[in-house]
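Since the structure comes first, as structure tokens, the remarks are kept for the end.
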Amino acid sequence: MNAIEQESSVIKARAPASLGTLQHTRRAARRMPEAFQSISYLTVTIFGLFCLVPLWMIVSGSLTDESALGLNGYSLFPQPFSLRAYELLFTGPSLLNGYLASLFITVVGTVLSISCTTSLAWVIARRLPFISRPLTIFAYVPMLFNGGLVPFYLLVTQVLHLTNSWFAMILPLMLAPFLIFVTVSFFRQLPEEILDAARIDGAGELRIFFQIVLPLSKPILAVLALFYAVTYWNEWFTGLLFLSDPDRFPLQLILQNLISNVTNAASLPSSAGDAAAPVYQLRFAMTVLTVGPILLAYPFAQRFFVKGITLGATKG
Amino acid sequence: MRLSRRQFMALSGAAGITAAFPGLSPAFASSTGTSTALLPSQAPTGWKTVLDKANAKLQAELGFTFDAQFINWSNYAQQSLLKFTAGAQFDTALQALWLNMAQLQQSGALADLTGQIDKWPNLKKQIAPKLIQANTWGGKLWGIPQVNSAGRIQHFGIRQDLAEKYGFTEINDFGTLEKFLYAVKEKEAGVTPFGVASQTGWQMAVATPTGMFNEDSWENPYTMQYSLAGSGLRFYFDKDAAKTGSSKPIPWWDDAGTVAALKKIRKYYQDGIINADALNVDQATIESQFGAGRFASLWSITDGLQSNRLAGLKKAVPTAALGQVLPFGGPLGKVKPVQTFQADNMIVVNANGGDVDRAMALQDWFSIQENHDLVGLGIEGTDWKAVGDHSFEQLSTYSFPSYAILWRAGLERLTSSMTDSEKKSFGWAQDYDNFTLDTFASFIADVTPVKEAAAQMNNVITQYANPLFYGVGDVDAGLDKLKKAADAAGLDVIMTELSKQGDAYLKARA
Amino acid sequence: MTGAEQGAARTPNRRRRLSSRDNLVLMLLALPGIVWFLIFSYGPMAGLVVAFKSFNIRDGIFGSPWNGLANFRYFLTSGDAATIVFNTVFLNALFLGASLFAGLVLALMLNEIRGGLYRRFVQSVIFFPYFVSPIVISIMLQVILSGVGGRGGLLNDMLSVFDLPQVAWYTEPGAWPWILTIVKVWQLGGYTSVIFLAAITSISEEVYEAAAIDGASRWRMALSVTVPLLLPTFAVLVVLGVGRMFFGDFATIYAIVQDNGVLFPTTDVIDTYVFRSLRMIGDFGTTAAIGLFQSVVGFVFVTAAVLVQRRFQKENGIL
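Residue numbers (our numbering), protein chains in the order written: chain A, 1 to 316; chain B, 1001 to 1510; chain C, 2001 to 2319.
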């Protein structure tokens, strides 16, 4: 039996109704798919609007003058138009340095993360006796148990001496147990036959991993790249803890500082220089600056969520 | 490292040499390196230039340099606590009772500064003895108080243009103020008479010594609230405690005047005099809305910075004017409200990684007008321009958190854009003689014996008291729930302990 | 291939023994990850001892005196412990269930969308809410529910169009578990759907072709082919979520509710309660104790979940 027949026998075993109602579904096949597809289009569009309207409000709010925002709280149309928030953001501390720092952290971090996540996940997924199961628990426990902020701070500053280094932001985030287990789940669904065929051909474990498993795992690699990149891009708290040189601050930290100080300047003694900052508008503009690059990069990652990647792998 | 250097100096007799020359500033004896300060907010525009200039001077005069680590306000409390706890290397930080100062002091993180100020002539000149005395806890000084006025009285900042429009040129008592608020509600569409944000609710009713809507406190500003750090609990001591020797503290909900204020607030909420979303809106939003012209009055305090709102307000409402209203029932100076003179902000020195001498030397250096203006205002001519001896005009957007390291009441320059109204009230607040010293002025409640009850009380206050302060919900029913919950959280344990501490304070004072 | 070989090919590799060289090579592969966990996760865990100590800064973590279980007493003896724990678990269950369900449904439906451009556009749009900071979410929610000044809001405006009574949402605790769940679905629906879409992508085309030959409609294919093949992923996400059941979603909930005590009966969770009580007192030992408590309970929950899964679905378990 080849793979196709194996799989369809599985389906038949699970859904005998489809055989009995063969005639019915053949006739209904004309109408039924349309109903489900229409519902899908509709639901997805509604949910899309549900997400789009707030996005639009944020973009529009970032371009609306503070006086109108203060009166209404929101704006669906940028009237009166104002670029003040973006002015403040771009003429403040150098955003260029921020973008460069974020880029370094994101790229280096994502590469490190993907390599370590996939390699660890593969060893767990292989179900090696005496190795995989303890590793599973070993990788899971940190999801629940956390030593707290002070020991972490002491570790990075006094044990590893990473103060003021970008690696102080990269290393702590390098592995996410959640993503390790999602990857494990994915690896376990890879067709066994391919791996066995390779083993019979005499390939060693490393070869199997690098030349067979990884190329087959493009979808999950895309997911990992996306999720890790997003985490690194958005991270600012570790920057706050460990970076002391403002020229090394990543973008998110600069924005976070700006927003916090402007927001709090209102309730604290300030000098005339702080007055009249457009707080509402700044918050929206900051969201746009953060989300923008991701929304622009995401369609490229989506290329990997296309069916047929594994097509042909099982033949022959 | 620094410790051994100091020990070495002592061994070599350097300290002895210094002692042989009275009047010689101890600065000549020691420090090197960099004095780092933890500051809130962010680096001002053009900070590098100013810092370089200041350090050039500092290095030449005292032999060390200065550096600032700015931590944004939202994270300042947590980050400064973390840095203290982890023994990071820095000399000074801004701390306060409303941050974590009490806890840090009890945990051994702060250096004892008792008697240190006397050693530094410039600094000593700028800090009034009354101020030092008021901020001594149990005989010890744990931080250098940062104030820019003698008294701090919360009051109303109003839209003077609206007041004049409706015929309220002089508002001297609470009744007139209330008439003004109702007039605005009735006649001015789209303007809410009073705007308030979340997290400031207690100021609406609790006497300190003035509660915003506490009518009683405007006529008799002689009751001062005290708080138990970390519990959110505010209480009053007995008015005759000085005579009887018995402190008899009561929580604020047992005071008739405060409860009457709650009822007033409830009425205002229902009549639309105050905004209904106060529980969830933050201060920045309220300020922003005030700047857009949505409110007729706002919380104000005598810090000389209230006029800064005018510039933004004028953009939205060109005819706007601001005024400060302290409805004491007559001209300022007629009543003398009580004050504790406890500073809202203090400079503390890190005991486990900071250098006391160097920190004090820096503070002394900041107490000279020229240095104070350089770091606080920027480069003269580029960032600011002097207007007379005591004022300045802002030229750039340089904005330094002076209250965190170099407020000196005698050296502060007033902004040239200060309104006359504020000049009057701020000027009145500078004189210690305009205020009465409260009986319990330097009392700081020690929370360690009742830590758990205090933490639980915090939740009770947040959950049951907050809505009352904003007029959400019926007052009597709400007070009932509050009292029940407070009792369950251990109110009597706390009050007994406070009574004990209060009595001990009275005894020691006598 | 003979039957025996087929059998060998189809059984999971669990029974095959690898050479020790292979084992070593695989261990090398896992080494960076193991080292990372030891340094960054297990190292700082030593700091958990402070949960049993009376911490003071002068003595540091290892010098402070022991105080047994005193730090745990604070939370467990507070009168609100029951409500707070219930809220934490209930809200987490709602959030987990709703976001997983939404993610699954969205993935299935996105799979039906043919047009490449439209599909990519929608996928981007639904992914974006994940990045909106909790403060901005809080502001937008206020616009919808209470409007500027607290006496309006877009939702109330809509209600008045239908002649329904206005509701002061920020003083109605009962509605909030559902409001928060809707916010979570908005926030996480797109994000979760990405995981499921990746899993769907790896289902080979032939399976669907075979089903189509049998005359299955798209609906039947989604239900009988896709969903069962997504079950392992779904199960993993559930187990991972169950372990965090005692950890409240602090960031989102605190940003939205803040200190509005009226809403606490239904929205206050362990993390917000602890944050508020201790933000002034800042007691390191008590915070660590409560965190430890949450971790241990989560561990118990996960062990139970894994055992349950092994009982019913042996081959798909994590372990």
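Don't be surprised by glycine CBs; every beta carbon is placed ideally from N, CA and C.
First and last residue of the uninterrupted beta strand (DSSP E) at residue i
i: residue 1323 of chain B; result: 1322-1325
i: residue 199 of chain A; result: Premise fails: residue 199 of chain A lies in the alpha helix (DSSP H), 192-200, not in any beta strand (DSSP E).
i: residue 1428 of chain B; result: First-last for residue 1428 of chain B: 1420-1429, but that is the alpha helix (DSSP H), not the beta strand (DSSP E).
i: residue 2046 of chain C; result: It is not in any beta strand (DSSP E) - residue 2046 of chain C carries neither H nor E in the DSSP assignment.
i: residue 1035 of chain B; result: 1034-1040
i: residue 1236 of chain B; result: 1233-1236
Where the alpha helix (DSSP H) through residue i begins and ends
i: residue 2213 of chain C; result: 2205-2213
i: residue 79 of chain A; result: Note, residue 79 of chain A: premise wrong, no alpha helix (DSSP H); not H, not E.
i: residue 228 of chain A; result: 218-234
i: residue 1453 of chain B; result: 1451-1460
i: residue 1240 of chain B; result: From DSSP, residue 1240 of chain B is part of no alpha helix (DSSP H); its letter is neither H nor E.
i: residue 2178 of chain C; result: 2176-2201
i: residue 242 of chain A; result: 237-242
i: residue 2019 of chain C; result: Segment: none, residue 2019 of chain C is in no alpha helix (DSSP H) and carries neither H nor E.
i: residue 1269 of chain B; result: 1256-1271
i: residue 203 of chain A; result: No alpha helix (DSSP H) contains residue 203 of chain A, which DSSP labels as neither H nor E.
Per-residue DSSP class, three states only, for residue i
i: residue 1501 of chain B; result: helix
i: residue 166 of chain A; result: coil
i: residue 12 of chain A; result: In this prediction, residue 12 of chain A scores a pLDDT of 41, lower than 50, which makes its location untrustworthy; no coordinate-derived value is stated.
i: residue 1408 of chain B; result: coil
i: residue 1398 of chain B; result: coil
i: residue 1298 of chain B; result: strand
i: residue 999 of chain B; result: In this structure chain B extends from 1001 to 1510, so residue 999 of chain B is not present and cannot be described.
i: residue 2053 of chain C; result: strand
i: residue 2228 of chain C; result: helix
i: residue 102 of chain A; result: helix
i: residue 278 of chain A; result: coil
i: residue 303 of chain A; result: coil
i: residue 1188 of chain B; result: coil
i: residue 2219 of chain C; result: helix
i: residue 966 of chain B; result: The requested residue 966 of chain B does not occur in the structure, where chain B is confined to residues 1001 to 1510.
i: residue 1444 of chain B; result: coil
i: residue 1159 of chain B; result: strand
i: residue 1414 of chain B; result: strand
i: residue 2039 of chain C; result: helix
i: residue 1171 of chain B; result: coil
i: residue 383 of chain A; result: A question about residue 383 of chain A goes unanswered here, because the residues of chain A that appear run from 1 up to 316.
Integer Cβ distance of residue i from residue j, believed to fall under 8 Å
i: residue 114 of chain A; j: residue 232 of chain A; result: At roughly 12 Å, the Cβ-Cβ gap does not stay under 8 Å, so residue 114 of chain A and residue 232 of chain A are not in contact.
i: residue 2081 of chain C; j: residue 2075 of chain C; result: 6 Å
i: residue 1068 of chain B; j: residue 1110 of chain B; result: In fact, because the Cβ distance is near 19 Å, the residues do not count as touching under 8 Å.
i: residue 1288 of chain B; j: residue 279 of chain A; result: 5 Å
i: residue 2243 of chain C; j: residue 144 of chain A; result: 6 Å
i: residue 2170 of chain C; j: residue 2154 of chain C; result: That belief does not hold up - the Cβ atoms of residue 2170 of chain C and residue 2154 of chain C are roughly 14 Å apart, past 8 Å.
i: residue 1131 of chain B; j: residue 1147 of chain B; result: 7 Å
Any non-hydrogen atom of the ligand NAP within 8 Å of residue i CB
i: residue 1132 of chain B; result: In terms of ligand content, the structure shown is empty, and the ligand NAP therefore cannot be addressed.
Checklist line | Entirely enclosed beta strand (DSSP E) segments - the stretch 1098-1156 of chain B, minimum 3 residues | finding: 1144-1146
Item checked: Whole runs of the alpha helix (DSSP H) within the stretch 1330-1386 of chain B, excluding any shorter than 4 residues -> 1356-1366 and 1369-1377
Check: Given 8 Å as the limit, is there contact between the stretch 2149-2163 of chain C and the stretch 2209-2222 of chain C, that is, 3 or more CB pairs closer than that?
Finding: no
Check: If you pair each beta-carbon of the stretch 1493-1504 of chain B with each one of the stretch 1451-1458 of chain B, do three or more pairs fall below 8 Å?
Finding: yes
Notebook entry, point to check: Can you list the beta strand (DSSP E) stretches of 3 or more residues lying completely in the stretch 114-163 of chain A, in chain order?
Noted result: none
Next item on the list: Could you pull out every unbroken alpha helix (DSSP H) segment of at least 4 residues lying fully inside the stretch 1060-1101 of chain B, listed in chain order?
Entry: 1073-1085
Next item on the list: Indicate whether the contact test is met: 3 or more Cβ pairs, each with one atom in the stretch 2039-2054 of chain C and one in the stretch 2287-2294 of chain C, closer than 8 Å.
Entry: yes
Note to self: So within the stretch 2268-2299 of chain C, which uninterrupted alpha helix (DSSP H) runs reach at least 4 residues, ignoring any that extend past its ends?
What the structure shows: 2270-2281
Checklist line | Unbroken stretches of the alpha helix (DSSP H), 4 residues or longer, contained in the stretch 2088-2122 of chain C | finding: none
Next item on the list: Take every Cβ of the stretch 1438-1451 of chain B, pair it with every Cβ of the stretch 1173-1187 of chain B, and state whether three or more of those distances are shorter than 8 Å.
Entry: no
Margin query: As an exercise, report each continuous beta strand (DSSP E) stretch of at least 3 residues that is fully enclosed by the stretch 2119-2155 of chain C, in chain order.
Written below: none
Notebook entry, point to check: Are the stretch 1375-1387 of chain B and the stretch 1100-1115 of chain B touching by the rule of at least three beta carbon pairs closer than 8 Å?
Noted result: no
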